[in-house]
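Report on the following structure.
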Amino acid sequence: MLEAVGLAAVRGDRRLFTGLAFSLAAGELLYVHGPNGSGKTTLLRMLCGLVLPEAGEVRWEGHSIRKLGEDYRRELLYLGHAAALKDELTALENLRVASALQGRPVSERQALEALDALGLEDCADLPVQVLSQGQKRRVALARLYLTPVRIWILDEPFTALDKKAVAGLEQTLANHLRGGGLVVLTTHQEVMLTAAVAKTIAMGSWGD
Amino acid sequence: MLEAVGLAAVRGDRRLFTGLAFSLAAGELLYVHGPNGSGKTTLLRMLCGLVLPEAGEVRWEGHSIRKLGEDYRRELLYLGHAAALKDELTALENLRVASALQGRPVSERQALEALDALGLEDCADLPVQVLSQGQKRRVALARLYLTPVRIWILDEPFTALDKKAVAGLEQTLANHLRGGGLVVLTTHQEVMLTAAVAKTIAMGSWGD
Amino acid sequence: MWAALRSMVMRDLTLAVRRVADVLTTLFFFVIVVSLFPLGVGPEMETLRVIAPGVVWVAAILASMLALGRLFGNDYSDGTLEQILLAPQPLSLLVAAKVLAHWLVTGLPLVLMAPLLGLQFGLEGEALWTLWWTLLLGTPAISLIGAVGAALTLGLRGGSVLVSLLVLPLYIPVLIFGAGAVEAQVSGLGATAHLSLLGAIAVLALCFAPLAAAAALRISLD
Amino acid sequence: MWAALRSMVMRDLTLAVRRVADVLTTLFFFVIVVSLFPLGVGPEMETLRVIAPGVVWVAAILASMLALGRLFGNDYSDGTLEQILLAPQPLSLLVAAKVLAHWLVTGLPLVLMAPLLGLQFGLEGEALWTLWWTLLLGTPAISLIGAVGAALTLGLRGGSVLVSLLVLPLYIPVLIFGAGAVEAQVSGLGATAHLSLLGAIAVLALCFAPLAAAAALRISLD
Amino acid sequence: MSTTGINWFKYSSPATFYPLAGRMIPWFAGLAAVATVAGLYLGFFVAPPDYQQGDAYRIMFIHVPAAWMSMFIYVVMAGYAALGLIFNTRLSAMMASALAPTGALFTFLALWTGALWGKPMWGTWWVWDARLTSELILLFLYIGYMSLEAAIDDPRRASRASGLLAIVGVVNVPIIYYSVEWWNTLHQGASISFDKAPTMADSMLAALLVMTFACWMYAIAVVLARVRCIILERERHSEWVLEVLEEERR
Amino acid sequence: MSWSEFWAMGGYGAYVWGSYGVALLLMLMEVWRVRQRRRTILHRLGRIQRRSGRRVEHEA
Ligand code: HEM
Ligand SMILES: Nc1ncnc2c1ncn2[C@@H]1O[C@H](COP(=O)(O)OP(=O)(O)OP(=O)(O)O)[C@@H](O)[C@H]1O
Ligand SMILES: Nc1ncnc2c1ncn2[C@@H]1O[C@H](COP(=O)(O)OP(=O)(O)OP(=O)(O)O)[C@@H](O)[C@H]1O
Ligand SMILES: [Mg+2]
Ligand SMILES: [Mg+2]
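Chains as they are written, first to last, in the numbering used here: chain W, 1 to 208; chain C, 209 to 416; chain D, 417 to 638; chain U, 639 to 860; chain S, 861 to 1110; chain V, 1111 to 1170.
Here it is in structure tokens:
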């Protein structure tokens, strides 16, 4: 169970939110929405432990994530605004390096399968530089098929994806939830998933 | 009259378009649309003379714009993806510097009026750094109210603008067209203007 | 046209005032590099006096080279450079205006600071004066030549290191005459020959560098 | 864990091979700066031999300082650094792995090239050998210390100049012992004392710099 | 109409040059091999030892051609770059970038062989003499040219940018040369100067000329081979490349 | 003149052969690099050709 208790964020002059709280059990999805600049990305990075809360704390299974440290990070997969890909490496190399960093090296075959699942079979050996925006995004998303972690924190994963890929990703998210995973998601796009299952947080209403 | 004759663009490996041609008379609007990466920005920058066509040429009143040089640039206003604002200068200073560069210095009063017209009266003396995305965009757009040039080339001018500002900008464009101006426009958003008046070019269909 | 040029210079100066940290860092870099040498070479005044002009000049070149990144870099990344290219003025004049502002902000402080550093190395009187003159003539040439390199490497990966690779060979004549003048003065030969050559280089650079830099900008923004 | 560290090093080395221009530019910057000195100071071999260790060392420091921008910079701007922070390995070890790769790519070539430059300055035999050893011990320390500065200035405007202000003072001991060793050797005192001090600095840096850099990275990404 | 004419010209000239170069390469390579063997024979077996330098002077037969080539190639490269920039012809730009590595190679060889010659003759590997210094700077110019070209991803933009650099550099070469000469001779008598072999035997001169010829042939062959690669890389999307490849495969 | 004398070059053997050896080595390396480059580009072109061939079939 992922819990936020009385979270507050201040960036520069602005107080983005205060007293933000929620709890998310296994199999639940949290949909964070709100206008640009309302603090969605800040919240997600706070949940990962990248941003230090001004007040409050984030807890995983009842323990503060700052105490848990590596043990929490081992359960976590975060995909941010930036795709975290190296332009000079091929899609395949990027995927394998990312997995090894995550502490779970994968074989070439496994990585290829994940790329296949996203329709990237032709691009596996191309440097990411020459891929289109949407293809880049998919390479980043391929990690979802590789690392069996419980918490997925996804910042606008649907951007730059075409219709078919959006549907596929929604399917993947649903499967993950059915398997007892947790998902925290932000998106500006209206997708079916967010309409149905979701617990939501509307940003821009927590500030003062 | 602005004409394109057999334009071709190659970026890196990709041939973005070949044999692209159109002509645009006074009072006409050209709406360029197409998916991401299809070459819209490239085309617009080519029309400004910033990008050298791989083949073909752009003509203004029958003469190649490469020959015309400064005479063409004097008739032209281009607003690109980037707002071309200096974070450290105030909105007012930014506007006056931009106009002076364009060869038509404006007085403080004129600049303030233009900012007023866009609802920026409170922000005129703030450094652009602290303005919101939409306000920054408006400062850039304020140049439309200042420099009486005939050709407007606007790359996604509607991004980050709220509903009211979009309507205002459409009005401005319509006025400019009525006054015998030319507009080349790209946008991903569906706006009324593009539905009604426009000559359109669909990118992504000119390549091979 | 003059209005456009003047507003260009004024804008860059205003920006420099608002970002004063940038200006100071160049100056401090210069001071630090010069001060590193006694540490590396040892404290004998005799040696130091001999190498002083060379060291000051190399440090000045390195410092103004590092500042080159800011000559067009900020304007490039926020889109202003596109607007400058589209202005109905000769691009080379606008470039010259920008270089002037850049020199006032990065080159001139070095020139003013150099005599102090020369004193630390045991230079005196005539020698110091000559050093000052060479810097006054040489640093504008350096800014001008550097502008070409900066324009060529705009927006490239690892541009800051690349720019040094490109412009350092071109700086060599300036360095030779600049540092040589002081030595010639000290050895009693007189520095006029060196100084006039430096002046000639500066004038040449003033005539051609803005043109080359303008061409390079057009290429870089394509 | 070793797998993660190894893949970190291998990744950075692979990237360096793909961007070989980046690697070469650091090396050539070093070569060019060293070659500038004779041009500034004059061609007398006597003077050159005296200042050689200082010049080589100052150039090595400047070259590796310029390369610091790339240590975390690329990973920062494409988002990989966030992922590295989120990896379930101790961040300081990952940082150490990155610094190792960076040294192999930017420091080691300098070390290998230095004897050639020493020859150009008329150094020979023992002196050359000592210079080589000081660089072999000193450049890792420089990379390690630089990592802290690079991590602190990540994403700041004018970061590249700022980083030099931060790290140069920390480099001074390395510079003093590095250049001093060669002089001690030449003057017959023997360089062991200097070399062991350098070694001690390197070991200290190895122990603490990764921790400090890791903390700095967490701060910079907040 | 006129635009199609320009198109045809621009696309076809690499297309016609590519097979032509392919046919010429074996000839130049063969000439290079023959001339090298002949030159080495003349240089090592026919030419007598120098009365002052002994056999060490035989380094000359590679050093002097390499030094000459390094300078010629730079000028030729800048010329092609200028043509490419002014007339926007693709082939000249490609020629310029094909020349650079070979020029850098010869520059390095001139430095290397010169250093190896200097050690026995002057007792030092290196002096900061005018000619030596400007040769070193020439190497830097080549490297800068190649680095800039490598750093830009788009080949068309890369060749324009590096072409501009080559031109700026060539303007600077004489300036550098004279400034270095001045710098070096102004305030000290040349402590060490080039001893030209006082009377060069005919056989020495012959060997030198033949080796120079060999270097020329080698350079032309290699550059043509490289420019063929560059043509293929840059034109790989045009029809004729695929056709030519089909033909070659047959 | 014996071969050993020839290789000794009157005591300058290391310098003379160092020069010619490195020259030869670098030239061979250059030739090899050019060949490598040609092989790479031909390989890539082959792929492009096969792909475009496939596309044509597809359309037909
Ligand atoms: C690293 C050291 C050296 C470099 C960079 C170098 C460079 C050059 C260059 C650039 C040239 C062509 C100059 C011209 O044609 O005007 C040249 C020619 C020549 N060099 Fe060297 N050189 C070096 C060392 C030596 C040494 C040690 C010797 C003999 C002791 C030597 C003897 C010659 C001779 C005889 C010529 C032909 C001169 C002529 O044709 O005018 N060089 N060298
Ligand atoms: N250093 C800073 N100084 C001042 N304000 C800051 C600073 N850093 C961030 N901000 C502000 O804090 C807010 C952070 O927004 P955040 O990135 O979390 O928004 P978001 O909801 O993810 O927006 P988007 O939908 O555009 O992704 C923004 O309004 C930004 O202007
Ligand atoms: N140097 C390059 N090498 C390879 N491809 C390039 C290079 N520069 C641009 N491109 C490609 O050319 C295309 C240019 O797209 P452009 O910016 O014109 O698209 P756009 O239609 O404006 O897209 P958007 O809607 O995202 O603004 C992109 O697909 C880009 O990947
Ligand atoms: Mg966000
Ligand atoms: Mg666009």
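Idealized CB from N, CA, C, for every residue including glycine.
Between the CA atoms of residue j and residue i - distance to the nearest angstrom
i, j, result
"L421/D", "D494/D", "20 Å"
"A838/U", "G62/W", "45 Å"
"L285/C", "A1018/S", "28 Å"
"L1024/S", "A563/D", "13 Å"
"S38/W", "A852/U", "29 Å"
"L996/S", "A82/W", "44 Å"
"L665/U", "A475/D", "19 Å"
"Q536/D", "Q823/U", "27 Å"
"G34/W", "F17/W", "12 Å"
"L95/W", "A1081/S", "43 Å"
"V737/U", "A847/U", "10 Å"
"I648/D", "I588/D", "No answer is possible for residue 648/D: the residues shown for chain D start at 417 and end at 638."
"Q505/D", "R1149/V", "49 Å"
"A597/D", "E682/U", "16 Å"
"E57/W", "F710/U", "29 Å"
"V1030/S", "L354/C", "46 Å"
Residue i, DSSP secondary structure in three states
i, result
"D428/D", "helix"
"Y145/W", "helix"
"R109/W", "helix"
"S715/U", "helix"
"F225/C", "strand"
"D910/S", "strand"
"A202/W", "strand"
"L880/S", "helix"
"R1086/S", "helix"
"Q1159/V", "helix"
"W985/S", "coil"
"S957/S", "helix"
"D324/C", "helix"
"Y1122/V", "coil"
Proximal chain D residues relative to residue i, where beta-carbon distance stays under 8 Å
i, result
"C331/C", "Correct list: empty, because the minimum Cβ distance to chain D is about 17 Å."
"S802/U", "T441, F445, I448, L482"
Neighbouring residues, chain C, relative to residue i (Cβ below 8 Å)
i, result
"D915/S", "Within chain C, no residue comes near D915/S; the closest Cβ sits about 54 Å away, beyond 8 Å."
Residues bridged to residue i (per DSSP)
i, result
"E265/C", "V213/C"
"F22/W", "A4/W"
"T90/W", "P127/W"
Partners in chain D for residue i, counting only beta-carbon separations shorter than 9 Å
i, result
"A817/U", "L455, G456, V457, G458"
Chain C contact residues for residue i, given Cβ-Cβ distances below 7 Å
i, result
"R427/D", "V305"
Residue i: contacting residues in chain S (beta-carbon distance under 7 Å)
i, result
"G760/U", "T984"
Interface partners of residue i on chain W, CB under 7 Å
i, result
"A642/U", "A100, L101, G103"
Within chain D, the residues that residue i reaches when beta carbons sit closer than 7 Å
i, result
"L339/C", "Near L339/C there are no residues of chain D at all, since even the closest Cβ is about 14 Å away, more than 7 Å."
Contact list for residue i against chain U, beta-carbon separation under 8 Å
i, result
"E70/W", "P726, Q727, P728"
"M987/S", "Per the sequence presented here, residue 987/S reads as Val, with Met not at that position. Under the 8 Å cutoff, chain U gives P681, M683."
Contact list for residue i against chain W, beta-carbon separation under 8 Å
i, result
"S645/U", "R96, V97, A100, L101, P105"
Proximal chain S residues relative to residue i, where beta-carbon distance stays under 8 Å
i, result
"R219/C", "D1014"
field: Residues of the region 723-735 of chain U with Cβ closer than 9 Å to any Cβ of chain W, in chain order
entry: L723, L724, A725, P726, Q727, P728, L732
task: Please name the residues in the region 1132-1149 of chain V whose beta-carbon is closer than 7 Å to at least one beta-carbon of chain S, in chain order.
output: V1132, A1133, L1136, M1137, E1140, V1141, V1144, R1147, R1148
message: Tell me which residues of the region 905-939 of chain S have at least one Cβ-Cβ distance to chain D shorter than 7 Å, keeping chain order.
response: none
Chain V contacts made by the region 1070-1094 of chain S, where a contact means CB separation under 8 Å: Y1078, V1082, A1085, R1086, R1088, C1089, L1092, E1093
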